[in-house]
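Colleague: Going line by line, the protein sequences match chains A and B.
Heads up: the first sequence at position 293 corresponds to 293 in UniProt numbering, and the numbers run straight through without jumps.
Heads up: the second sequence at position 244 corresponds to 244 in UniProt numbering, and the numbers run straight through without jumps.
Quick reminder that beta carbons are idealized off the backbone N, C-alpha and C, glycines included.
Here the structure is a predicted model, which means the values were calculated and not measured.
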Amino acid sequence: MSKVKTKKTVKPNFVSTTNACKLCTPLGASLAFRGIEGAIPFLHGSQGCATYMRRYIISHFREPVDIASSALGEKNAIYGGGPNLKKGMLNVMKKYEPAVIGVATTCLTETIGDDVPMNLKEFKSEFGDLDLPDLVEVSTPSYSGTHIDGWHGAVRSVMEQLCVSKAEDTGRVNILPNMVSCEDVRHLHDICRDFDIEGTILPDISETLDGPALEDYVKIPSGGTPVSEIKEMSGARGTIEFGRCLPPQTGGTSLEKTFGVKNHRIGLPIGLRESDRFFETMEDISGNPMPKRYELERGRLIDAYVDGHKYVFGKRAVVYGEEDLVTGLCAFLSEIGVDVVLAGSGARKRGMEDAIAAVTDGVARMAPEVREGVDFYDISEEAESLRPDLLIGHSKGYRYAKAWNIPLIRVGFPIHDRFGGQRVLHLGYKGALNLFDTIVNAVIEKKQADSSIGYGYI
Amino acid sequence: MSKTTILEERKDQIHRSGEGAIDIACNRESLAGAVSQRACVFCGSRVVLYPISDALHLVHGPIGCAVYTLDIRGALSSGPELHRLSFSTDLQETDVIFGGEKKLEAALDELIDRHSPKAAFVYSTCIVGIIGDDLEAVCRKMTEKKGIPVLPVMSEGFKGSKRAGYLAACKAMFRLIGTLPTEGISPLSINIFGDFNIAGEIWIIREYFEKMGVQVVANVTGDGRVADIGKCHGAALNLVQCSGATLDLAKMMEEEYGIPYERVSYLGIEDMADSLYKVADFFSDIDPGIVERTQKLVKEELEVLMPELARYRKDLEGKKVAMYVGGSFKAFSLVKAFRHLGMECVMVGSQTGTAEDYAELEQITDPGTVIIDDANPLELSHFIKEKDVDVFVGGVKERPIAFKLGVGFCDHNHERKEALEGFVGMLNFAREIHSSAMSPVWQFVPRRANRIAAEKKEAVNE
Ligand code: SF4
Ligand code: SF4
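(1) Could you give the distance in angstroms between the alpha-carbon of residue 463 of chain B and the alpha-carbon of B/Leu151?
(2) Consider the Cβ of B/Phe42: report whether some Cβ of chain A lies at a distance smaller than 8 Å.
(3) At least one CB of chain B closer than 8 Å to the CB of A/Ala39: is that the case?
(4) Are the C-beta of A/Val341 and some C-beta of chain B separated by less than 8 Å?
(5) Could you give the distance in angstroms between the alpha-carbon of A/Asp339 and the alpha-carbon of A/Ile270?
(6) Can you check whether the C-beta of B/Cys232 is within less than 8 Å of a C-beta belonging to chain A?
(7) Taking DSSP as the reference, what is the three-state secondary structure of residue 466 of chain B?
(8) Any contact of the region 271 to 281 of chain A with the region 380 to 395 of chain A, i.e. 3+ C-beta pairs under 8 Å?
(9) Can you give the Cα-Cα distance for A/Lys3 and A/Ala357, rounded to whole angstroms?
(10) Step through the CB atoms of chain B and report whether any lies within less than 8 Å of the CB of A/Arg55.
(11) Give the secondary structure of B/Met343 by DSSP, where H, G and I count as helix, E and B as strand, and everything else as coil.
(12) Would residue 503 of chain A count as contacting chain B if we go by Cβ distances under 8 Å?
(13) Per the DSSP calculation, A/Ser125 is bridged to which residue(s)?
(14) Going along chain B, which residues have a C-beta under 9 Å from A/Gly397?
(15) Would you report the Cα separation of A/Cys163 and A/Glu232, rounded to the nearest angstrom?
(16) Could you tell me the boundaries of the beta strand (DSSP E) in which A/His264 lies?
(17) Mind checking whether the beta-carbon of B/Gln92 lies closer than 7 Å to any heavy atom of ligand 2?
(18) Pull up the distance between the alpha-carbon of A/Ile175 and that of A/Ser275, whole angstroms please.
(19) Say the cut is 7 Å; is the CB of A/Cys245 nearer than that to a heavy atom of ligand 1?
(20) For A/Pro414 and chain B, any beta-carbon pair shorter than 8 Å?
(21) Beta carbons nearer than 7 Å to chain A: which residues of the region 437 to 455 of chain B have them?
(22) Please name the residue or residues paired with B/Val264 in a DSSP beta bridge.
(23) Rounded to the nearest angstrom, how far is the Cβ of B/Val41 from that of B/Glu156, given a contact under 8 Å?
(24) What residue from B/Glu360, B/Lys397 and B/Lys159 has the CA that sits closest to B/Ile326's CA?
(25) Of all Cβ atoms in chain B, is any one closer than 8 Å to the Cβ of A/Leu325?
(26) Quick one: using the 10 Å Cβ neighbour count with 16 as the cut-off for buried, is A/Ser451 buried or exposed?
(27) Cβ-heavy atom distance between A/Tyr52 and ligand 2 below 7 Å?
(28) Taking a Cβ distance cut-off of 7 Å, strictly less, list which residues of the region 140 to 172 of chain B are near chain A, in chain order.
(29) If you measure between the beta carbons of A/Pro98 and A/Ile220, is that distance less than 8 Å?
(30) What is the rounded straight-line gap between the Cα of B/Val348 and the Cα of A/Val306?
(31) Less than 8 Å between the CB atoms is what I'm expecting for B/Leu297 and B/Tyr166, so what's the real figure, rounded?
(32) What do you get for B/Glu356, buried or exposed, if any count of 16 or more other CB atoms within 10 angstroms of its CB means buried?
(33) Helix, strand or coil for B/Gln37? Go by DSSP, reduced to three states.
(34) Excluding the 5 residues preceding and the 5 following B/Glu421 in the sequence, name in chain order all residues of the same chain whose CB lies nearer than 7 Å to its CB.
(35) Would B/Leu49 and B/Thr221 qualify as a contact pair, given that the criterion is a beta-carbon distance under 8 Å?
(36) Could you say which of B/Ile24, B/Ile269 and B/Ile290 lies nearest to B/Leu427 if we only look at CA atoms?
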């Protein structure tokens, strides 16, 4: 099949944003910090940001999400927030007894120019006699990036600030999974175990953001990547980081640069071929062949693809959300014969167009319109003429799906209008199978709903 | 009480009813690092103005502040839906360095042309306060250019709590009032302040007033319209629900236009009925029949409601409830509403209560009730456990705290999708509390399961 040509982005973006298709940077950082064992996220800024983000995250995960704030008031905004930051950290230490405090800046503290690294250094020397937690800081102004930049920034900060010396060979594999679901992380753990290799997944939100019912309210939920493991990531056999639209510098690259741990950057393993890449990489690093179980899963996936192909072939999809999630979904959709007519992300300059061209090459029948820096107004403007059959992305697309009377396939974050967003499996053969079933069933359901006859056998 | 749960600095923000004079510290800045449940000034303004459905609401700032308010509220409109879209100038680094005024102007230009709103509210956020954009000037210029009121809302997040945002919102709305003629407004007329038409609640309330023969001039702001607000100074009386949100506006109108106001609540049986009677009394001079009409209305509603309530009460009798709400005025009504269900309030907290509010709470609650200002997750969970609560009432941020502890939860803030006001709302409320408290799932959560197991064991041993 011929190489799919990429189209050049044609339309300029509007000045204003309507119903944004992105979130702000510290939110991503807070989520990532939540995946470190014993860590509490701490936003350096005014109270509102932390509260809004907590509310937003809670609606998706349905878990307590405590994010501390330095709660800056007017005076602090003028004279600098350093004192409040320190006071806030002391209070958090008293009440939460964290092993790690992950400090992320906000637009406010970036703009007033607070020097957080210096503040933390002072804090350490002032309170050195206390049993201090590990402190990690990341700069996350929201006016230059999205929540995904916050996520990757926090992962990189954790990596660089906690893993500071070369560990002995641990024989482990590091996985930097990108912003995926709790279920995805659990699946990655299973895969590592079945490959008979110990994995350090950074961050690991599988338990911290999807915990069990408990006897008591725990201040900091159990689970998360243990700090001791993070400190030893320099001794791993290799790192796999998911994402074809990552910033040039990431946790994976800095680990490679500083400690020579080979970094394997591959796409999010969504769909058959991107999952193949992942399993091959796992074979590479572990030296073990793909376990039987996954061979079967792979075979079952292809079997399902065959069984269901006619329902979905030629359906037109609009896909939106985080750049790497969208890219992975395009890889998957192109395999099952769904034409992605528009792929949109709120992020800018992430090379999504090239990434999508690469992952759909050889299977896609057409190149989608790829749009970075879009909001839902842009998406809906274009989608109107593209006549999609399916909308694929997070909950915030619902009003458009409703208006166009097409199904919304909910993936990624946030899922605010359905249950179990944290348990959606996207990754691996099993994840692809899950997505495939969901999409085929949505198409069937729509067909039934639209039919005047009401076939019970489709 | 475990020492680590309550920070020394916060001790005077917690009080127990009946233990001496109440002197609660409130209206304070949240303590750094305390994981407050509070939002910011911007949030306060946004909550109040959000339901004005034919206005454009443009958030001037980086994307987060706007995106977190994207369609999260259940404020319904009977007409335009413009309020449900979330507009932002989405400031980028260059705007922060060189100033965002140009972008704001261009954004307003674009959006006003696109949506032809009746007015535009422009909210300033923290960063705008820091970079010093002149919102006032931009808005003035755009008002002239576009021929609609373009109103700045000075809501920089760090300039106080949510309460300060209410005032900013009232100031912005006050500029609209008096802009339109008041001909044809009945002498028996009111404005409904402080109701946001969550799940269509204001429609329930308006129907009562219509039955009483009272004209509602403007809803401020649930199902609100710019034109109604423009002429609402023609009404004879303002009804102010909720302590914080629109009281300032009522005061401004009293001063400027001599319109009196009454504070009311539509939650629960007594408060709903009292509110209607207050209005009837107010107009009884010019329409003597109104009192009787109102009595009839209340009687009819109660005849339907009471037998149904009694059924729920049978199950709920003796159960314990805690609440944490935004404004404490709502708490008064809730405490009374729970009495009708036979339930006991053991903790009442609020984000933005005033000293008077807390004093009144101390009056109406049973001895031993914990009263708390600006709580955080650890304190809330502490008291839920200490008081062995059956149902917790709060907002989205409080829900997982209750659920983790295996306690029923009822959503009673701006995001709820059930109408809980009026007599019919009381029934919905009872139903919701009933389904929160009576579900069999609670026997499986560890806290209860362990207790049930222990009780069984004891019974065997005896
Ligand atoms: S100020 Fe920045 S960090 Fe805070 S909510 Fe707004 S965009 Fe997010
Ligand atoms: S930046 Fe300021 S206005 Fe925006 S959410 Fe944060 S505290 Fe509120």
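Modeller: According to the structure data:
(1) Past the boundaries of the shown model lies residue 463 of chain B; chain B is included only from 1 to 462, so the question cannot be answered.
(2) yes
(3) For A/Ala39, the answer is no, since every Cβ of chain B falls outside 8 Å of its Cβ.
(4) Interface annotation, A/Val341: not in contact with chain B, CB-CB separation never under 8 Å.
(5) 16 Å
(6) no
(7) Examination of residue 466 of chain B is not possible in this model, given that chain B is present from 1 through 462 alone.
(8) Flag = no, the region 271 to 281 of chain A and the region 380 to 395 of chain A do not touch.
(9) Residue confidence is low: A/Lys3 scores 49 on pLDDT, short of 50, so the model does not pin down where it sits. Its coordinate-derived value is still stated next. Cα to Cα, A/Lys3 sits roughly 9 Å from A/Ala357.
(10) yes
(11) coil
(12) Residue numbering for chain A in the displayed model covers 1 to 458; residue 503 of chain A lies beyond these limits and cannot be assessed.
(13) Bridge partners of A/Ser125: none, in fact.
(14) Listed along chain B, no residue sits closer than 9 Å to A/Gly397 by beta-carbon distance, the nearest being about 11 Å off.
(15) 7 Å
(16) In the DSSP assignment, A/His264 falls within the beta strand (DSSP E) that extends over Asn263 to Ile266.
(17) no
(18) 14 Å
(19) no
(20) No, its Cβ sits nowhere closer than 8 Å to a Cβ of chain B.
(21) Val445, Pro446, Arg447 and Asn450
(22) B/Gln241
(23) 6 Å
(24) Per the sequence shown, the amino acid found at residue 326 of chain B is Gly instead of Ile. Nearest C-alpha to B/Gly326: B/Lys397.
(25) Chain B contact via Cβ: absent.
(26) exposed
(27) yes
(28) Gly157, Phe158 and Lys159
(29) yes
(30) 59 Å
(31) Actually they do not touch by this definition, with Cβ atoms about 31 Å apart.
(32) exposed
(33) DSSP places B/Gln37 outside both helix and strand once states are collapsed to three, so it counts as coil.
(34) Glu201, Ile204, Ile205, Tyr266 and Leu267
(35) Yes, these two residues count as a Cβ contact at 8 Å.
(36) Closest option to B/Leu427, Cα to Cα, is B/Ile269.
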